[in-house]
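Numbering (our numbering), first residue to last: 391 to 622.
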């Protein structure tokens with residue numbers, strides 16, 4: 391039991407006891423539960439997020455950099471350039487992307503918290519440019535410190551406000567940036583299996599549904615049927 395003290399309007403004090411569950415006070419228990427509920431809601435919203443074209447994701451990063459918000463720009467860069475969920479982006483450390491000498495790595499190896507899978511990605515030129523600028527501005531003293539100090543709620547607010555400021559339409563959230571990466575990879579491979587491996591998905595068919603794409607074979611069937619109807 392945890393003893394709490396409260397002072398009422400006239401200066402009197404009274405005490406009450408809060409039961410503990412598994413070593414947690416009720417208040418701590420409620421706080422942690424609310425965080426879990428909030429995370430689940432975010433994931434549901436994320437799954438319904440619109441796919442943001444990669445060109446617009448890149449434009450978002452440069453838009454923020456142009457306003458002097460290089461940390462925000464870097465958040466966009468790692469989400470869209472590495473295809474990360476927001477939780478994975480916020481768990482990155484400087485050592486994930488930079489050497490101890492402050493040089494950005496050619497390739498980064500990431501382990502996703504949700505799937506426990508690791509994947510190695512090349513750092514695209516535009517991502518490199520944003521991250522190098524961020525490093526020069528931040529000059530981190532601890533190589534193992536987090537790349538970002540945002541909360542999940544703050545990260546969501548940043549992406550949504552930026553989308554609004556840019557006049558982007560639709561349901562834009564941090565998950566839209568991950569979808570931008572997945573869609574961009576598929577656009578360049580047209581191979582669901584290879585795209586799934588690069589983006590960290592275990593199910594190629596589920597991946598295509600995730601980004602609202604049809605397999606190329608199905609697309610050809612629909613195109614062929616449309617042409618037949620045009621001739622009739």
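A virtual CB, placed ideally from N, CA and C, is assigned to each residue, including glycine.
**Request:** Find the nearest neighbour of residue 457 within the set 555, 601, 620, judged by alpha-carbon distance.
**Result:** Counting from 1 along the chain shown, the entry for residue 457 is found at position 67. Here the closest residue by C-alpha is 555.
**Item:** Pairwise C-alpha distance: residue 468 and residue 479
**Value:** By one-based count along the chain shown, residue 479 stands at place 89. By one-based count along the chain shown, residue 468 stands at place 78. The C-alpha of residue 468 is placed about 7 Å away from the C-alpha of residue 479.
**Request:** Out of 604, 602, 569, 606, state which residue places its alpha-carbon closest to the alpha-carbon of residue 588.
**Result:** Sequence index remark: in the chain shown, residue 588 carries index 198 (1-based). It is 569 whose Cα lies nearest to the Cα of residue 588.
**Touching by the beta-carbon criterion (3+ pairs, under 8 Å), the segment 495-509 and the segment 549-565** = With the cut-off at 8 Å, the segment 495-509 and the segment 549-565 do not touch.
**Request:** Report all residues from its chain with a CB closer than 7 Å to the CB of residue 499; omit the five preceding and five following residues, and keep chain order.
**Result:** By one-based count along the chain shown, residue 499 stands at place 109. Result list for residue 499: 508, 510, in chain order.
**Request:** For the alpha helix (DSSP H) containing residue 592, list its first residue and its last residue.
**Result:** Your numbering for residue 592 matches position 202 in the chain shown. Taken as a continuous stretch (DSSP letters only), residue 592 belongs to no alpha helix (DSSP H), as it is neither H nor E.
**Message:** Assess contact between the segment 534-542 and the segment 437-445, defined as three or more Cβ pairs (one per stretch) separated by less than 8 Å. Is contact present?
**Reply:** As far as the Cβ criterion goes, the segment 534-542 does not touch the segment 437-445, which means the pair count is below three.
**Message:** Which residue wins for smallest C-alpha separation from residue 576, given the options 513, 530, 591, 564?
**Reply:** As a working note, residue 576 is residue 186 in the chain shown. Checking every option, the nearest Cα to that of residue 576 belongs to 591.
**Asked** What number of angstroms, rounded off, separates the C-alpha of residue 599 from the C-alpha of residue 586?
**Response** As a first step, residue 599 is located in the chain shown; it is residue number 209 there, counting from the start. As a first step, residue 586 is located in the chain shown; it is residue number 196 there, counting from the start. In a straight line, the C-alpha of residue 599 is about 12 Å away from that of residue 586.
**Prompt:** Can you give the Cα-Cα distance for residue 640 and residue 524, rounded to whole angstroms?
**Reply:** Residue 640 falls outside the range modelled here, since the chain spans only 391 to 622, and no answer is possible.
**Prompt:** According to DSSP, is residue 529 helix, strand or coil?
**Reply:** Position 139 of the chain shown, counting from 1, holds the residue named residue 529. Looking at residue 529 - three-state DSSP - the assignment turns out to be coil, as it is neither helix nor strand.
**Request:** Entirely within the segment 448-497 and at least 4 residues each: give me those alpha helix (DSSP H) ranges in chain order.
**Result:** Here the runs fully enclosed are 460-472, 476-480, 484-487.
**Asked** Assuming residue 561 contacts residue 439 under a Cβ cut-off of 8 Å, what Cβ separation, rounded to an integer in Å, is found between them?
**Response** Taking the chain shown and counting its residues from 1, the one referred to as residue 561 is at position 171. Taking the chain shown and counting its residues from 1, the one referred to as residue 439 is at position 49. Their Cβ separation, rounded to whole angstroms, is 5 Å, which keeps residue 561 and residue 439 in contact under 8 Å.
**Request:** Go through the segment 561-588 residue by residue and report every complete run of the alpha helix (DSSP H) that reaches 4 residues or more, in order.
**Result:** 564-579
**Message:** For residue 574, which residues in the same chain have their Cβ closer than 7 Å to its Cβ, ignoring the five residues on either side in sequence?
**Reply:** If you number the chain shown from 1, residue 574 lands on position 184. Only 444 meet the Cβ criterion.
**Asked** Is DSSP giving residue 551 helix, strand or coil here?
**Response** Here residue 551 is taken as the residue at index 161 of the chain shown, counted from 1. Looking at residue 551 - three-state DSSP - the assignment turns out to be helix.
**Asked** Which same chain residues, not among the five before or five after residue 454, have their C-beta less than 8 Å away from its C-beta?
**Response** By one-based count along the chain shown, residue 454 stands at place 64. Around residue 454: 460, 462, 463, 466, 552.
**Item:** Reduced DSSP category for residue 536 - H, G, I as helix; E, B as strand; rest coil
**Value:** Along the chain shown, read from residue 1 onward, the residue named residue 536 stands at position 146. Strand at residue 536.
**Request:** Tell me residue 509's beta-bridge partners as DSSP assigns them.
**Result:** Here the question's residue 509 lines up with position 119 in the chain shown. 500, per the DSSP bridge assignment.
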